[in-house]
Amino acid sequence: MRFRPLAVLSALVLSVVVPAGAARADRVPGDQPLPGYTIDNPPLAPVQVHGKPSRVMQGVHRHAAYDIEVPPQWNGKLALWAHGYAGQGRVLKVEPPQYGLRQRLLDQGYAWAASSYYDNGYDVRAGVLSTRDVAELFAREVGRPKQRIIAGVSMGGHIIGRSLEQFPGYYGGALPMCGVLGDNELFDYFLDYNLVAQDLSGVREYPVTDRYATVTVPKIEAALGLAVLRPGGPDTTNERGKQFRSIVVGRTGGTRPGAEQSFAVWKDFPFTLAEPSVPGATLAESPGQVGTNLFTRYEPNSPVDVNRTVQRVRAENLPARLSNRLSQVPRINGRPDVPVLSLHGLGDLFVPFSMEQIYARDVARNHRSRLLVQRAVRTAQHCEFSNVEAATAWDDLVRWIGRGARPAGDVTTSPPVVARPDYGCRFSDPAAYAAGTGTRRLFPACP
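Just so it is clear: in the sequence shown, position 100 is 97 by the working numbering, and no numbers are missing.
Printed below as a string of structure tokens:
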């Protein structure tokens, strides 16, 4: 299975073109993108910081576009922003800090820097190296910071988790949000979703063909009662559809508030992540190569004995899955050496809440739980946080780094705790719920 691009990138605003194959990558000047790539990084207007404009620097460094912004009164600290998956397109873009954090950082005296990375696709190695590169460029052009904090979203969480282990001591703290902290197991889950649905529906197609999305998936959904299932609507699932939903809930974090409604939100999407294999595809182009369900045990295992009947698939690229090298889809071993505060939506079924549980167990196994605080937010869409939730997490992380007082968080690995009706209430923004923002109202009101 391949990982399908999620969005078509927008038209160019600023374009630097190097035709594919026109030059060897190692001969391309560092202020140009790699062959076949273009750059879209329009001028970023300065913002007012306590009545004075910020200083903005933009350019291309080591084949990646970058933005740097420095407040008039710099506190000597730098925040690095790691963006998420940008699709398989050939246009490199820079993303400033989101959720109002750009202004907040500057108001607090922090400079920030962000990279497009030198490669698109699911290339965590590019994110790890390009983020480090822009930090070093900042040190040369602005000044060596006395502290670096790395924050980001989605695949950026994978980049953060690996960056802390690739360059121990380099970053002073981390704020991954909706992050792929479970590395390879995200791709196991995508594989699970499709294979279990095929098994329970009796409609099998693996490896998938070009007809999978248009012909096979509609048959699968009809057989399970998923075709007209909608959030907030009647439960149209049949007995096997209910077993499928329960298995998906279990694989994405276990029984928890909003799980069934979130399943109705996401039911179609994981099917779109299965594509025909492409010979010679890189890991960044086809991260599903590392996915396997060879040893996965599914619950509940009735009325269908799925563990006996489901198709078992080996990892196409087992060396990549087992390697501890910095690759395009690298492992995260759960060995942070600095404070990490994470946020995750309870109902996110693209990068599911189970990513937090996997990371928490890895960190605990390495006796580093004192360095990890995790917070659940009662939302269903991917990376659906309010500005208040992100700002609170940032401020708490900064105080933790500066004063050594570990902030409060949620227990993520105790099923009875996660299943409580009020789970996720403590760090969810009540104003966002009151306003009915996004998917908040799919969850019951907090007490």
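Beta carbons are placed, not taken as given, at the ideal position from N, Cα and C, and that holds for glycine.
Secondary-structure assignment with DSSP links residue 31 through no beta bridge to anything. If you draw a straight line from the Cα of residue 278 to the Cα of residue 287, it is about 12 angstroms long.
Its chain contains 271 as the residues whose beta carbon lies nearer than 6 angstroms to that of residue 191, once the 5 sequence neighbours on both sides are disregarded; these appear in chain order.
Taking the CA atoms as reference points, residue 325 sits about 28 angstroms from residue 410. In the structure shown, residue 74 adopts extended strand secondary structure according to DSSP, grouped into three states. When Cβ pairs closer than 8 angstroms are counted between the two stretches, the stretch 254 to 267 is seen to touch the stretch 371 to 390, the count reaching three or more. Per DSSP, residue 339 is one residue of the beta strand (DSSP E) stretching across 337 to 342. Contact between residue 344 and residue 371 is absent: CB atoms are separated by about 16 angstroms, not below the 8 angstroms threshold.
DSSP, reduced to helix, strand and coil, places residue 123 within a helical segment of the structure shown.
DSSP places residue 146 in the uninterrupted beta strand (DSSP E) bounded by 144 to 150. The beta carbons of residue 122 and residue 323 sit about 5 angstroms from each other, so the pair counts as a contact at 8 angstroms. When C-beta atoms of the stretch 151 to 171 are compared with those of the stretch 122 to 133, three or more pairs fall below 8 angstroms, so the two segments count as touching. Within the stretch 189 to 263, the runs of alpha helix (DSSP H) at least 4 residues long that lie entirely inside it are, in chain order, 214 to 221, 236 to 248 and 256 to 263. A straight line joining the alpha-carbon of residue 290 with that of residue 29 spans about 41 angstroms. Beyond the five residues adjoining it in sequence on each side, residue 112 comes within less than 6 angstroms, by CB distance, of 61, 63, 127, 128 and 131 in the same chain, given in chain order.
For the options 240, 53, 135 and 144, the alpha carbon positioned closest to that of residue 398 is the one of 144. CA-CA distance, residue 254 to residue 34, rounds to 43 angstroms.
When the Cα atoms are used, residue 268 and residue 227 turn out to be separated by approximately 16 angstroms. The residue among 389, 439 and 394 with its C-alpha nearest the C-alpha of residue 426 is 389. Residue 67 is bridged by DSSP to 52. Beta bridge pairing from DSSP links residue 110 with 65 and 77.
Under DSSP, residue 372 shares a beta bridge with 340.
Counting only the Cα atoms, residue 443 lies some 36 angstroms from residue 328. Closest in alpha carbon position to residue 105, among 424, 150, 242 and 51, is 51. Residue burial annotation: residue 440 is buried, with at least 16 other C-beta atoms found within 10 angstroms of its C-beta.
Between residue 307 and residue 196, the CB-CB gap stays under 9 angstroms.
In the DSSP assignment, residue 387 falls within the unbroken alpha helix (DSSP H) covering 384 to 400. The beta carbon of residue 174 sits closer than 6 angstroms to the beta carbons of 150 and 340 from its chain, once the five residues preceding and following it are set aside; these are given in chain order. Inter-segment contact for the stretch 308 to 323 and the stretch 213 to 224 is absent: fewer than three beta-carbon pairs are separated by less than 8 angstroms.
The residue among 194, 313, 429 and 57 with its C-alpha nearest the C-alpha of residue 116 is 57.
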